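Colleague: Residue numbers (the working numbering): 187 to 484. For glycine and all other residues, C-beta sits at the position ideal for the given N, C-alpha and C. As the structure is a prediction and not an experimental result, all values here were calculated from the model.
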Amino acid sequence: MFSMADFLSRFSLESSSSSLWFIVLVTVGIVVIANFVIGVLQQRRHAVRSVLGVPGPDGHWLKGHIDYAGFDGAGLKYHVKCATEFKTCYRLWVGPLKSLVVLCHPDTIQVIQSSNAPKERFVYNLVRPFIGDGLITSEGDKWFRMRRLLTPAFHFEILKPYVRVFQESTNVLLEKWSSQERGEVELFHHISLMTLDSVLKCALSYRTNCQTQEKQDPYIVVVYEASSQILTRLMNPLLHNDNIYKLTSDGRKFFKNCDFAHAKADEMIKARRKALQDDAREGEAEEKENIWIFLTSC
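#1: State whether the segment 233-242 contacts the segment 266-281, with contact taken as three or more CB pairs (one from each stretch) at a distance under 8 Å.
#2: Is Cys-396 helix, strand or coil by DSSP?
#3: Measuring straight from C-alpha to C-alpha, what distance separates Ile-344 and Arg-459?
#4: What are the start and end residues of the beta strand (DSSP E) that includes Cys-275?
#5: DSSP on His-291, reduced to helix/strand/coil?
#6: If you run the structure through DSSP and keep just helix, strand and coil, what is His-426?
#7: Going by beta carbon distance, what residues of the same chain come within less than 8 Å of His-513, once the five residues before and after it are set aside?
#8: Out of Gln-296, Ile-322, Lys-273, Asp-293, which has the shortest C-alpha to C-alpha gap to Glu-306?
#9: For Cys-484, which three-state DSSP category applies?
#10: Helix or strand or just coil, what does DSSP make of Gly-256?
#11: According to the neighbour-count rule (16 or more other Cβ atoms, all chains shown, within 10 Å of its Cβ), is Leu-286 buried or exposed?
#12: Which value, in whole angstroms, describes the spacing of the CA atoms of His-246 and Arg-231?
#13: From the DSSP output, in three-state form, read off Ser-205 for me.
#14: So, for Val-371: in the same chain, excluding its five sequence neighbours on each side, which residues have a beta-carbon less than 8 Å away from its beta-carbon?
#15: Rounded to the nearest angstrom, what separates Phe-340 and Leu-382 at their Cα positions?
#16: Among the residues of its own chain, which have a CB less than 8 Å from the CB of Leu-248, if the five just before and after it don't count?
#17: Assuming Met-380 is part of the alpha helix (DSSP H), what are its boundary residues?
#18: Among Gly-369, Gln-366, Leu-379, Pro-347, whose alpha-carbon lies nearest the alpha-carbon of Thr-356?
#19: With a threshold of 8 Å, are at least 3 pairs of Cβ atoms found where one atom belongs to the segment 401-420 and the other to the segment 430-443?
#20: Within the continuous alpha helix (DSSP H) that includes Ile-495, where are the two ends?
#21: For Pro-304, which of Val-226, Phe-330, Gly-437, Arg-438 has the nearest alpha-carbon?
Next comes the structure, spelled out in structure tokens:
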């Protein structure tokens, strides 16, 4: 049997051990929270310094300009208002930790286009899973190499034959508008479909009739869904972290859409490559060569 002294001694040891573990856990918790707060403050400081001296409209202290600068008609009106007021460029905030500079004048855009400044990684990291690490998202030596490879394919004389494709897609759009009743027309959806129709026809000879079909091609549906998901994520600071986004239902659907789009694009490119290899007709060698330049850089 244990005496009262033995019991109190054992209880004292167990209490000391528990207290020690409690102190360790509290210390670890404090360190984690402190690192998180320091990281947030550093992000805020970097975001503020990035747009220091750039004028811009007033925004909410927490949400920034999320409620105003959306990707819809109201957002377009807001950007037009800002461009009219600030003339050359203006800053916007996406939450408290992400700042952006919007360029709205040829002179400011030319400065960026003629510089070798590194690309803004935040936005490109959002679109990279969908469009891959190609000319748009790459930088440095890889970007220069791909740019040098693609430059001959965008010569004015080479692009001339594609004017017919642009006209064809534009005529489809105009015929669709002329058949509608008078009233307001939502331009973004129609123009983006026309653009996608032209790109698929020119680059991959892939005809979908996406401008007129009521039931869209699955590839077109996936492209639209993924694009919408990227914009939604851009305007929601809670989804900027990759690990958090992958845990959401929208994140899982986005990466599923990316896999489908990549598989379909590979299928179209392989089919186009085979068609170009089989096509030995005279007079198409130059077009074949330049399309190959595009396909091999995708």
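Modeller: In short:
#1: In this structure the segment 233-242 lies against the segment 266-281, because at least three pairs of beta carbons, one per stretch, are closer than 8 Å.
#2: What you label residue 396 is simply residue 210 of the sequence shown in a count that begins at 1. Cys-396: coil per DSSP, three-state reduction.
#3: As a position in the sequence shown, residue 344 is number 158, starting the count at 1. As a position in the sequence shown, residue 459 is number 273, starting the count at 1. Distance between the alpha carbons of Ile-344 and Arg-459: 19 Å.
#4: Residue 275 sits at position 89 when you count from the first residue of the sequence shown. Start and end: 275-280.
#5: By 1-based counting over the sequence shown, the position of residue 291 is 105. Correct three-state label for His-291: coil.
#6: Counted from its first residue, the sequence shown places residue 426 at position 240. It is coil, neither helix nor strand.
#7: Since the first residue of the chain shown is 187 and the last is 484, residue 513 is not available in this structure.
#8: Counted from its first residue, the sequence shown places residue 306 at position 120. Cα-wise, what sits closest to Glu-306 is Ile-322.
#9: As a first step, residue 484 must be located in the sequence shown, where it is residue number 298. Note that Cys-484 scores a pLDDT of 49, beneath 50, so its modelled location is shaky and nothing firm can be said.
#10: Taking the first residue of the sequence shown as position 1, residue 256 is located at position 70. Note: Gly-256 maps to coil in three-state DSSP.
#11: Counting from one through the sequence shown, the residue named residue 286 turns up at place 100. Flag for Leu-286 reads buried.
#12: If you number the sequence shown from 1, residue 246 lands on position 60. If you number the sequence shown from 1, residue 231 lands on position 45. Looking at the two C-alpha atoms, the distance is approximately 17 Å.
#13: For the purposes of this step, residue 205 is taken as the residue at position 19 of the sequence shown. Helix, per DSSP.
#14: Indexing the sequence shown from 1 puts residue 371 at position 185. Correct list, in chain order: Trp-363.
#15: Counting from 1 along the sequence shown, the entry for residue 340 is found at position 154. Counting from 1 along the sequence shown, the entry for residue 382 is found at position 196. Phe-340 and Leu-382 have their alpha carbons spaced roughly 18 Å apart.
#16: Against the sequence shown, residue 248 aligns to sequence position 62. For Leu-248, same chain residues with a beta-carbon under 8 Å away, outside a window of 5 residues either side, are Gly-281, Pro-282 in chain order.
#17: The residue labelled residue 380 in the question sits at position 194 within the sequence shown. Run containing Met-380: 373-390, per the alpha helix (DSSP H) assignment.
#18: Stepping through the sequence shown from its first residue, residue 356 is reached at position 170. Residue Leu-379 is the option with its Cα nearest to Thr-356.
#19: yes
#20: Past the edges of the chain, shown from 187 to 484, lies residue 495, and the structure says nothing about it.
#21: On the sequence shown, position 118 is the one that residue 304 refers to. Looking at the Cα atoms, Phe-330 is the closest of the given residues.
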